[in-house]
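Chains as they are written, first to last, in the working numbering: chain L, 16 to 492; chain W, 16 to 492. Don't be surprised by glycine CBs; every beta carbon is placed ideally from N, CA and C. Below is one structure, written out as structure tokens; comments come after it.
Protein chains: 2
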Amino acid sequence: MSIGKLKIEAIFITYPMEKNLDAFFNPKTVAVIGASADAGKVGHIIFKNFAEEGFAGKVYPVNPHPAPVLGHKPVKSVLEIPEEVDLAVIVTPAKTVPKILAECGQKKVKSVVIISSGFKEIGKEGAKLENQLKELTQKYRLSVIGPNCLGVYDTNTEVDTLFLPAYRMGRPQKGNVAFVTQSGAFGSVILDWAAQEGFGVSKFVSYGNAVDVDEIDLMNYLHKDEGTKVIVMYLEGANRAKELISAGREISKSKPILCLKAGSSMRGMQATQSHTGSLAGADEIYSAAFKQAGIIRVANIEEMFDYSRALATQPPMPGNKIAIITDGGGFGVMATDYAEQNGLSVQEISEQTKKKMMKCTLPFATLKNPVDLTGSASGAMYRCSIEACMQDQNIDGLLVILLFQPPNIESDVVQHVIELRAKYKKPMVVCSAGGQYTEIHRDILERSGIPTYPTPDRAIKALAILNKYAQIKSRKA
Amino acid sequence: MSIGKLKIEAIFITYPMEKNLDAFFNPKTVAVIGASADAGKVGHIIFKNFAEEGFAGKVYPVNPHPAPVLGHKPVKSVLEIPEEVDLAVIVTPAKTVPKILAECGQKKVKSVVIISSGFKEIGKEGAKLENQLKELTQKYRLSVIGPNCLGVYDTNTEVDTLFLPAYRMGRPQKGNVAFVTQSGAFGSVILDWAAQEGFGVSKFVSYGNAVDVDEIDLMNYLHKDEGTKVIVMYLEGANRAKELISAGREISKSKPILCLKAGSSMRGMQATQSHTGSLAGADEIYSAAFKQAGIIRVANIEEMFDYSRALATQPPMPGNKIAIITDGGGFGVMATDYAEQNGLSVQEISEQTKKKMMKCTLPFATLKNPVDLTGSASGAMYRCSIEACMQDQNIDGLLVILLFQPPNIESDVVQHVIELRAKYKKPMVVCSAGGQYTEIHRDILERSGIPTYPTPDRAIKALAILNKYAQIKSRKA
């Protein structure tokens, strides 16, 4: 079953019936099994997330000890809950989990998240316990996420099984990017970072050892999720390679999928075995599989965020001809270098478009491509140059470099950029680098759906991804 | 003279007598020619920098108009100044500059910065004017930086010829990294960014069209500057290729030199011609020349800052064997991948060192390499593991991954890291990613001279550069 042994086939394979994962993200009744009165405990934090934050449903603490949890009297077992349970979250010690999972099965709980660790990842004894979970899941036809995971965070329904308090790990705002991660620690960093950066997330799932629900089930679910525009995955190893490819091929026609695959080096592969206990396969095979699946492989966390932002806000870019407009010559030169390195073309701008620009720019501006408005550029010069390029059929996308250090640039330029992006549907990204004055404007642009990068290479690479996704989207079959 | 035509020779070439540039950075008497009473004008801002900020010397406004500048009565010409002038800063329109420069020659001004633009970069007419400057410089044996530049900023003497107000472009704090840039706009972004990030700078020079002083003169000067530990350059084209190589070979024995070279693509080369009017040569030739010179070429701005911070605070790393210590498995795996990609070795840790670590870590921690202390790691576990690796002769450097999201990590870990770095002289970098709670600790680490990166690839690449510089430093002849 390991992808290492997989012969990649170009044929389309139908995959097994999709699981309905809706109860994980939109439950009406939740049981937190192991909910604790002790404020430092994981079971307390998770219960509190449901009981005292934005979650609109009902939540039951489950604990054999009778001490009330935040004023709620616990029931002894999930079996005592007098109504249907949509989601059970289990946070008890590993050895107690099989019995509890069986009770969830008897209760016909629709979905179960097992946060607890101490399974496959700790060795033989844990693997035995994990096998019991697998058997119970099949016996009772349960839907299970975990064990050894952070579980689910949904910015819309505010389902939040994350056991880390908000001061340690922020919760991101609503958005249209979904994150799916095998590693919990990786997930916690991503959430914290996204929250800090004002990066919008739709759904987040850390699925850990994947006793049942895995990345393919989640991809298929997110495919149909209206709130998700981009799917981002962190993967160490995949067990269902063929399904990954076929699901990717289908989904990538309508939604871009990004994947950060760790464990590519020999030594890194060994490390994943101690970590999630999954077998990582030869790296080249993954690359080939991703390519066939239309999954965009990213090299690092920065690319993951950078590309997500572009894909979540900009249309795909079918052609590769871009215009670069700048008020700093050096940045324009660098952007041109990076464009060539990333397969984008910075062609001479047409005479007609140049003429339009000439009317509103300075006599010593350079109107070739990159268009250098010089350090004397004003917002009005940017407006007219951007509009001329937006109207040019020979230009597929724009990189607007906005350096706010020169003296004539004022805040109006930000408004121009936002208005023109709304008026024309052409892909556009901004590069803006510097200190606080820059940050203020960068934030406004970002909040208005204009992806803004601090360096020209990151901006160019984001444009190149819009081109790459257009190619994936237009593939036949 | 263009590097494009240069046949690279492995022989050591003596270069012409070095210029004494001390008057640029440490003048006692300064004349600002074109100093203006109008607060919006460049000549006002620069005069104010000298008159009202930290500069300890004397400053004269020079302007034919008698209106006082910030209460100082201007003299009509530099010739009227009753004492020796160490530094003249010229900010008047291009066509007036030759006459003014001649007056500086007659006055035997020790150093001249020409901020004014409108020379070679605007075409033929400007090139003619620039030739006049060149002739005058030779005739009067002047030392000239510029024209078409930002000039000089020295964090120690507070010489500040930057005409951008601080709210637009911050001034960085004192430090030991010197920046030399051909592009002014690039320089302004770098300064603003450095100020924002708390990045310490010794000297900054934007030298523009380089009618006289060029990057080689500046490299040679900074070689002997005690306050500078790392030299960073932004270059579009170099005219004195042989000298660049020989100066680099000499300087890199004692100080690392980083260079961001723009204009590497065909289209980018054309763009540099409109920008600074310099001829950029074939990119491969530059790469070969840099290699021979011991100059480390960086691919982008991020690498430039990342590598500077490592080289400014950590010793060179003669071997390539590193230990990775982490509290997040996924980050450990990724770091291991990046290590292999960047020529670093993540070998199994010796039994002796493992035994030391076993005494103070959790039974389910992984003590191979990467060392995964797991999400249950405490500061004490980090302390003991780091110390064990510091004492291990088979480990050349450390990457400490500190994720602050897990619940048991407290602020004490930062103190441990700082103390151990001071106690042992081994290179160490930290990777720490997340939101505000992380930022607080990252800042403390950075201020204590521990380079701290948000992603594992950036941290690994910084360690790899410490290894690369050790190799450059140990080259023969």
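Check                                                                                                                                                                                  : Outcome
By the DSSP assignment, the beta strand (DSSP E) with Phe-219/L in it spans what residues?                                                                                             : 216 to 221
Where in the stretch 115 to 163 of chain L do unbroken runs of the beta strand (DSSP E), each at least 3 residues long, occur, reported from the N-terminal end onward?                : 126 to 129
Do we get a CB-CB distance below 8 Å when we pair Leu-294/W with the residues of chain L?                                                                                              : With a pLDDT of 46 at Leu-294/W, under the threshold of 50, the modelled position of that residue is not reliable, and no figure is offered here.
How is Asn-191/L classed by DSSP in three states: helix, strand or coil?                                                                                                               : strand
Can you tell me where the beta strand (DSSP E) holding Cys-446/W begins and where it ends?                                                                                             : 443 to 446
Between which residues of its own chain and Ala-485/L is the CB-CB distance below 6 Å, once the five residues before and five after are set aside?                                     : Pro-331, Met-332 and Pro-333
Under the assumption that Val-100/W contacts Ala-46/W (Cβ atoms under 8 Å), give the Cβ distance between them as a whole number of angstroms.                                          : 5 Å
Please state whether DSSP places Leu-294/L in a helix, a strand or coil.                                                                                                               : Low confidence applies to Leu-294/L: its pLDDT is 45, below 50, so where it sits in the model is not reliable, and the reading given next is rough at best. Coil, per DSSP.
Does the separation of the CB atoms of Asp-387/W and Ala-395/W fall below 8 Å?                                                                                                         : no
Name the residues in the stretch 234 to 266 of chain W whose C-beta lies less than 9 Å from a C-beta of chain L; which are they?                                                       : Tyr-249 and Glu-251
Just checking: is the beta-carbon of Glu-461/W within a distance shorter than 8 Å of some beta-carbon in chain L?                                                                      : no
Using 8 Å as the threshold, is the C-beta distance between Ile-115/W and Val-159/W below it?                                                                                           : no
May I ask you to list the residues that DSSP assigns as paired with Tyr-468/W?                                                                                                         : Cys-446/W
Return the residue from the list Leu-102/L, Ala-262/L, Lys-56/L and Val-57/L that minimises the CA-CA distance to Asp-232/L.                                                           : Ala-262/L
Taking a contact to mean a Cβ-Cβ separation below 8 Å, would you say Gln-197/L touches Tyr-222/L in this structure?                                                                    : yes
If we count the other Cβ atoms within 10 Å of its Cβ and call it buried at 16 or more, is Pro-79/W buried or exposed?                                                                  : exposed
Kindly list the residues whose CB is nearer than 7 Å to the CB of Tyr-439/W, restricted to its own chain and excluding five residues on each side of it in sequence; keep chain order. : Met-405
Just how far apart, CA to CA, sit Thr-389/L and Gly-344/L?                                                                                                                             : 7 Å
Using CA coordinates, which residue listed in Gly-72/W, Phe-70/W and His-59/W is at the minimum distance from Gly-86/W?                                                                : His-59/W
For Pro-378/W, does the count of other Cβ atoms within 10 angstroms reach 16, so buried, or fall short, so exposed?                                                                    : exposed
Buried or exposed: Asn-171/L, going by 16 or more other Cβ atoms within 10 Å of its Cβ?                                                                                                : exposed
At a cut of 8 Å, does the stretch 357 to 376 of chain L reach the stretch 311 to 324 of chain L through at least three beta carbon pairs?                                              : no
May I ask which residues mark the beginning and end of the alpha helix (DSSP H) holding Cys-404/W?                                                                                     : 394 to 406
Could you give the first and the last residue of the continuous alpha helix (DSSP H) run that contains Thr-389/L?                                                                      : Element bounds for Thr-389/L: n/a, residue is neither H nor E.
Short of 9 Å Cβ to Cβ, which residues in the stretch 462 to 478 of chain W face chain L?                                                                                               : Pro-469, Thr-470, Pro-471, Asp-472 and Arg-473
Taking C-beta pairs closer than 8 Å, name the residues in chain L that Ala-200/W reaches, listed in chain order.                                                                       : Asp-342, Gly-343, Gly-344, Gly-345, Phe-346, Gly-390, Leu-418, Gln-420 and Pro-421
Under the assumption that Ala-193/W contacts Thr-243/W (Cβ atoms under 8 Å), give the Cβ distance between them as a whole number of angstroms.                                         : 4 Å
Determine the burial state of Gly-213/L: buried for a count of at least 16 other Cβ atoms within 10 Å of its Cβ, exposed for fewer.                                                    : exposed
Under 7 Å, CB to CB, which of the residues in the stretch 173 to 188 of chain L have a partner in chain W?                                                                             : Leu-179, Tyr-182, Arg-183, Met-184 and Gly-185
Look at the Cβ atom of Leu-165/W, then the Cβ atom of Arg-186/W, and state whether they are nearer than 8 Å.                                                                           : no
Applying the 10 Å Cβ sphere with the 16-neighbour rule, what's the burial state of Asp-53/L?                                                                                           : exposed
In whole angstroms, give me the CA-to-CA distance for Thr-376/L and Val-444/L.                                                                                                         : 21 Å
If you compare alpha carbons, which of Tyr-353/L, Glu-366/L, Ile-401/L and Ser-203/L is closest to Phe-346/W?                                                                          : Ser-203/L
Classify Arg-186/L as helix, strand or coil using the three-state DSSP reduction.                                                                                                      : coil
Please decide whether Met-332/L counts as near chain W, where near means a Cβ-Cβ distance under 8 Å.                                                                                   : no
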